[in-house]
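2 protein chains.
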Amino acid sequence: MPSPLLLDGKQIAAQIRKELKAANALRISIGQRPPLLAAVLVGNDGGSESYVAHKIKACADVGFESRLLRCSSAISQSELLSVVHGLNQDEQVDGFIVQLPLPEHIDEQVINLAIDPSKDVDGFHPVNIGRMALGLPSYLPATPAGICELLRRNGITTSGMHAVILGRSHIVGSPLAQLLARPGEPGNCTVTLCHSKTVGLRDHCLRADLLVAALGKPGFVKADMVKPGAIVVDVGTTRVADPSRPSGFVLRGDVAFDEVAPLCKAITPVPGGVGPMTIASLLTNTCQAFLHR
Amino acid sequence: MPSPLLLDGKQIAAQIRKELKAANALRISIGQRPPLLAAVLVGNDGGSESYVAHKIKACADVGFESRLLRCSSAISQSELLSVVHGLNQDEQVDGFIVQLPLPEHIDEQVINLAIDPSKDVDGFHPVNIGRMALGLPSYLPATPAGICELLRRNGITTSGMHAVILGRSHIVGSPLAQLLARPGEPGNCTVTLCHSKTVGLRDHCLRADLLVAALGKPGFVKADMVKPGAIVVDVGTTRVADPSRPSGFVLRGDVAFDEVAPLCKAITPVPGGVGPMTIASLLTNTCQAFLHR
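Protein chains in written order, with our numbering: chain U, 1 to 293; chain E, 294 to 586.
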């Protein structure tokens, strides 16, 4: 078995940023303003802080403006709704995100539904999800779109593949199932969506030409669950305690990389696989939001 | 093998109509008006004429008002949009449908997007599709919802089943995949969505605990594609020429019933299976639309 192709999200995201930066510089050279992404961060969750910081930094890298709105974890739902309404109405803001998860006393769907779909660069609003399902232009959810772009830019054609997706979340598994099943490329996969109620999970995994793990269970996918020659995409990024690191933790994917990689035709690393692609998709959506105003 | 349970949509739809009728009579007895469904029929396609006639008759059966708007097949897109806008604004109309297919010179999605989501009792508008995907209250597309109701009222629990769906249409296969995969009952299935680009279709079918055929290919599913003990749902209703009938045609499902039925734990007939359930779902959605105004 030859060594697997590493699906290097870090490198491809850098390429996408380079393209966005060049187009942005061109627009600025003819007197246009840059796109502006706003991010709402509620509380001080370590993961959320880190994700938002990466998004803000990515904006700076490509010359987009950004704005970070910090809210106390004690903010009420109606106060957070006011923040969202303010961003909806702010002419300077092209798109914005409300970083998840939110504190338990806030209903995430109430906040999600309040976001103007034309500024919903996370692609989580029902209007964008419904438009995606119908194949109409929309903001695609960032992680599924990033996975598709990662496959596309690695020259992987998915038509006719059997894709098996582990995890049915609203932000990864379920929308990715739709994107991979629909006509087009990437797409045209036979898609099997597995989840916590799946019976015989290992057998499903073993039939996958393209296996996507989006469970948030570190090291869950073992070598005996992967068909030789499969393409494996690991969406998991769980913080696992590691006292030997300055941060005190290490990011672990859902795939036991060391034992699975030798079997694969191609595989994403964690970190440096899907994560950077998610941020690249967010920038792409922000650019779209700017262009459509 | 004992003889299969016949999933009798005609009988269950009659039961649903009986329930809707009783609730409606009660509302009328306290002075409320009945729900009103409007249907827009463009042209004179035989199938469409028949479907709309069934829907109008079903309204009468349960005591709902209905209104049929006939348009020439030469109607322009903008004229049809005016009809839709009129229905959106008509206070007397609780819900309405635009019977598909439309003539080729009209973009179905343009019409679909013009329908007020709160009156979209077909459940085809992106807002309703997106809300369904997120598990929010919405009008469910009539055929997938009817299939779920048919399973529920036959006491079939689907949790943990492997459901294999043939056909990825926006109105049946794709939304049904979402309904069967999501948490709840019916639901919690591992779902495989197959379509024209699927490789090894027979093998996929043979693994199904619940096999749903929504291809529009008469007699496509043969006995050698069905696992013994499977539940088979046939969505196909293709008109096949039959000179021996007064109508000149016979309705044929996607399943070769005579050879498949003996293998099954349960199976829907065609006609009298999914078709009546679709109309029952439309009535249920119309009642919801009335109650939510």
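The beta-carbon is built from N, C-alpha and C at its ideal position, and this holds for glycine as well.
Taking the straight line between their C-alpha atoms, what separation do you get for residue i and residue j?
{"i": "residue 20 of chain U", "j": "residue 26 of chain U", "result": "10 Å"}
{"i": "residue 77 of chain U", "j": "residue 69 of chain U", "result": "15 Å"}
{"i": "residue 505 of chain E", "j": "residue 135 of chain U", "result": "23 Å"}
{"i": "residue 360 of chain E", "j": "residue 349 of chain E", "result": "8 Å"}
{"i": "residue 188 of chain U", "j": "residue 231 of chain U", "result": "16 Å"}
{"i": "residue 80 of chain U", "j": "residue 124 of chain U", "result": "17 Å"}
{"i": "residue 313 of chain U", "j": "residue 520 of chain E", "result": "No answer is possible for residue 313 of chain U: it lies beyond the span of chain U, which begins at 1 and ends at 293."}
{"i": "residue 5 of chain U", "j": "residue 426 of chain E", "result": "34 Å"}
{"i": "residue 347 of chain E", "j": "residue 86 of chain U", "result": "49 Å"}
{"i": "residue 559 of chain E", "j": "residue 465 of chain E", "result": "20 Å"}
{"i": "residue 47 of chain U", "j": "residue 241 of chain U", "result": "13 Å"}
{"i": "residue 238 of chain E", "j": "residue 289 of chain U", "result": "Look at the range of chain E in this structure, 294 to 586, and you will see that residue 238 of chain E is not part of it."}
{"i": "residue 555 of chain E", "j": "residue 496 of chain E", "result": "20 Å"}
{"i": "residue 308 of chain E", "j": "residue 141 of chain U", "result": "41 Å"}
{"i": "residue 30 of chain U", "j": "residue 500 of chain E", "result": "59 Å"}
{"i": "residue 52 of chain U", "j": "residue 59 of chain U", "result": "11 Å"}
{"i": "residue 460 of chain E", "j": "residue 175 of chain U", "result": "18 Å"}
{"i": "residue 127 of chain U", "j": "residue 423 of chain E", "result": "6 Å"}
{"i": "residue 225 of chain U", "j": "residue 494 of chain E", "result": "22 Å"}
{"i": "residue 498 of chain E", "j": "residue 454 of chain E", "result": "13 Å"}
{"i": "residue 22 of chain U", "j": "residue 291 of chain U", "result": "15 Å"}
{"i": "residue 39 of chain U", "j": "residue 32 of chain U", "result": "22 Å"}
Report the option in the options whose CA atom is closest to the CA atom of residue i.
{"i": "residue 549 of chain E", "options": "E:536, E:354 and E:529", "result": "E:529"}
{"i": "residue 215 of chain U", "options": "U:241, U:248 and U:165", "result": "U:165"}
{"i": "residue 153 of chain U", "options": "U:113, U:2, U:13 and U:3", "result": "U:13"}
{"i": "residue 37 of chain U", "options": "U:283, U:291 and U:292", "result": "U:283"}
{"i": "residue 2 of chain U", "options": "U:268, U:269, U:270 and U:264", "result": "U:264"}
{"i": "residue 302 of chain E", "options": "E:562, E:328, E:586 and E:584", "result": "E:562"}
{"i": "residue 319 of chain U", "options": "U:99, U:120 and U:65", "result": "There is simply no residue 319 of chain U to check, as chain U begins at 1 and stops at 293 in what is shown."}
{"i": "residue 279 of chain U", "options": "U:156, U:30, U:62 and U:75", "result": "U:62"}
{"i": "residue 115 of chain U", "options": "U:129, U:130, U:131 and U:98", "result": "U:98"}
{"i": "residue 11 of chain U", "options": "U:92, U:33, U:273 and U:233", "result": "U:273"}
{"i": "residue 233 of chain U", "options": "U:82, U:117, U:245 and U:209", "result": "U:209"}
{"i": "residue 137 of chain U", "options": "U:156, U:155 and U:117", "result": "U:117"}
Of all Cβ atoms in chain B, is any one closer than 8 Å to the Cβ of residue i?
{"i": "residue 420 of chain E", "result": "Reference to chain B is not applicable here, since the protein chains of this structure are U and E."}
Excluding the 5 residues preceding and the 5 following residue i in the sequence, name in chain order all residues of the same chain whose CB lies nearer than 8 Å to its CB.
{"i": "residue 366 of chain E", "result": "335, 336, 337 and 396"}
{"i": "residue 342 of chain E", "result": "334"}
{"i": "residue 452 of chain E", "result": "478, 480, 481 and 482"}
{"i": "residue 248 of chain U", "result": "241 and 242"}
Spell out the partners DSSP gives residue i in its beta bridges.
{"i": "residue 67 of chain U", "result": "U:38"}
{"i": "residue 298 of chain E", "result": "E:559"}
{"i": "residue 458 of chain E", "result": "E:486 and E:505"}
{"i": "residue 96 of chain U", "result": "U:38 and U:120"}
{"i": "residue 102 of chain U", "result": "Its beta-bridge partners do not exist; DSSP assigns none."}
{"i": "residue 238 of chain U", "result": "U:252"}
{"i": "residue 309 of chain E", "result": "Answer is none; residue 309 of chain E lacks a bridge partner."}
Only counting the same chain, and skipping five residues up and downstream in sequence, which positions put a Cβ closer than 7 Å to that of residue i?
{"i": "residue 568 of chain E", "result": "302 and 530"}
{"i": "residue 475 of chain E", "result": "428"}
{"i": "residue 169 of chain U", "result": "214"}
{"i": "residue 579 of chain E", "result": "328, 330, 357, 387, 388 and 414"}
{"i": "residue 259 of chain U", "result": "222 and 223"}
{"i": "residue 239 of chain U", "result": "47, 249 and 251"}
{"i": "residue 92 of chain U", "result": "36"}
Skipping 5 residues on each side, what residues in its chain have a beta carbon closer than 6 Å to that of residue i?
{"i": "residue 191 of chain U", "result": "163, 177, 180 and 181"}
{"i": "residue 393 of chain E", "result": "none"}
{"i": "residue 436 of chain E", "result": "465 and 571"}
{"i": "residue 17 of chain U", "result": "61 and 62"}
- [ ] Report yes or no: do three or more beta-carbon pairs, one from the region 184-198 of chain U and one from the region 147-162 of chain U, lie closer than 8 Å?
- [x] As far as the Cβ criterion goes, the region 184-198 of chain U touches the region 147-162 of chain U, which means the pair count is three or higher.
Task: Three CB pairs or more closer than 8 Å across the region 246-265 of chain U and the region 217-227 of chain U - done: yes
Task: Stretch-stretch touch, CB-based, cutoff 8 Å, three pairs: the region 92-112 of chain U with the region 194-202 of chain U - done: Taking 8 Å as the limit for Cβ pairs, the verdict is that the region 194-202 of chain U does not touch the region 92-112 of chain U.
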